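Each step along the sequence shown adds one to the number in our numbering, with nothing skipped, and position 272 is 337.
All C-beta atoms in this analysis are idealised placements derived from N, C-alpha and C, irrespective of residue type, glycine included.
These figures come from a predicted structure and were not determined experimentally.
Before any comments, here is the structure.
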Amino acid sequence: MQIGLLGYGTVGKAFHALSKEQPALTVKTLLTRRPRGTGCRETDSFADIVNDPNIDLVVELIGGIHPAYEYISAALRAKKHVVTANKAVICAYYPELVQLAQENGVCLRCTAAAGGGIPWLSSLSRVARMDRITAVEGILNGTTNYILSEMTARNAAYGELLAEAQKLGYAEADPTDDVEGYDARRKLVLSANLAFSALLREQDIPCIGISRMTVADIAWARERGLVWKLIARAERRGDAVSAFVCPTLFPASTPESQTNGSANLVSLYAERIGKQSFSGAGAGGWPTASNVLADCLEIADSSRSFYSDRPAAPLPIDNHGEVKTWLFRSYGRYAVRQETAADAFEAYAAVSEIDSGALLAHLPWGML
Ligand SMILES: NC(=O)c1ccc[n+]([C@@H]2O[C@H](COP(=O)([O-])OP(=O)(O)OC[C@H]3O[C@@H](n4cnc5c(N)ncnc54)[C@H](OP(=O)(O)O)[C@@H]3O)[C@@H](O)[C@H]2O)c1
């Protein structure tokens, strides 16, 4: 199978190296803005890839929404399979891209887009074919997990650790997507869409990140044997989905609490098989490129599906229903309340108008 590779950064470079070990795959052409000395044909014009009838598969690893969207859609229209690690573009254009792939009889796969090196989306897709998945949840952002783990271990302030994470390359120069939970929310949308054959919109899902977390919050949890994690959760509720992203407290002995650094831990719950959890490297060139490679190999083996061939339908987000336990912090005072997620997020928004440092967290087992 001949590949047109877009991008030669952290993941693109690792993917190119890995592909050389696979007789079934050849990177024929690389789209790059500057010479890379890869030995394959290098071009700065996407037309050289999309118009090449010998290229069967386009691997998009440039990131961002534009021009990635234009390149992916043109490749699908040209009846080329597409593999990408780009959650931003898949999440923003999910229905259009899935439909384009179906109309043109080609595959669109993005296992590396959620969970980096963990075969999470491909496993989810497999389970969705044989069982009814009721919920998906987990630690899906390595940057925030690194910051929270270090805050817990070293009693250091959020700002200090964010600067450190940026220095170490764990956080972007503009960390907003990570620290405000938007990256985790995109991965949640990709996961829930596959799990529930749904078409969710990321902006409908309430989301709280970790940028308001303080040393006092860490100490408050420690005194109670609890550990902070940023959790993205979606649960099927009839013809709707309950979903949110927010800081969550776990007892110190749980697998979530023991998932440290930039690692991810994500679980599915299904009616017959019960709970399955997956953990590992949520980012990094080699792990991420390995998942990209696995998608390419499965396409080469004629495994056609990924986003299952079952029709997906738009589902509303509805966080009314089940009463859960929540921790509110405003002006340094903590209060535990029991209410639906819809009411909790509404109350948090109202409190935030007068206290811009307020915090809301989920207590999943009603602890305390
Ligand atoms: N890194 C990870 O651990 C990780 C994990 C999971 C998913 N991902 C996803 O994988 C994708 C790639 O990430 P990355 O970390 O490899 O990014 P990266 O290191 O920033 O690499 C991006 C590459 O794309 C090139 N590029 C950008 N725009 C281009 C354009 N218009 N035309 C041609 N080349 C262009 C850049 O070229 P220049 O060098 O010329 O700028 C660079 O080589 C992203 O969607 C990311 O979200 C990454």
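One thing to note: Thr176 has its Cβ within 8 Å of the Cβ of Asp360. Contact between Ala423 and Ser395 holds: CB atoms are separated by about 5 Å, below the 8 Å threshold.
Checking the 7 Å criterion, the Cβ of Thr94 is out of range of every heavy atom belonging to ligand 1. Glu300 is positioned such that its CB atom lies no closer than 8 Å to that of Ala377. About 12 Å separates the Cβ atoms of Leu425 and Thr390, ruling out a contact at the 8 Å cut-off.
For Gly203, the beta-bridge partners assigned by DSSP are Ala297, Val331.
For Ile155 against Ala139, the beta-carbon gap comes to about 16 Å, at or over 8 Å, which does not count as contact. Bounds of any beta strand (DSSP E) do not take in Val76; it lies within the alpha helix (DSSP H) bounded by 75–84. The alpha helix (DSSP H) runs lying completely inside the region 103–176 and spanning 4 residues or more are 112–115, 133–142, 152–157, 159–169, given in chain order. According to DSSP, Gly345 shares a beta bridge with Asn329.
Straight through space, the alpha carbons of Glu288 and Tyr159 are spaced by roughly 43 Å. Relative to ligand 1, Tyr73 has its C-beta within less than 7 Å of a heavy atom. Leu380 sits in coil when the DSSP states are folded into three classes, being neither helix nor strand. For the pair of segments examined, the region 248–268 was found not to touch the region 402–412: the number of CB pairs separated by less than 8 Å stays below three.
Restricting attention to Arg266, Gly246, Asp282, Ala284, the CA atom closest to the CA of Ile273 is found in Gly246.
Nearest C-alpha to Leu295 among Leu71, Thr91, Asp420, Thr208: Thr208. Not one heavy atom of ligand 1 sits closer than 7 Å to the Cβ of Leu173. Judged by DSSP in its simplified three-state form, Trp391 adopts strand. Ile127 has its CB nearer than 7 Å to a heavy atom of ligand 1.
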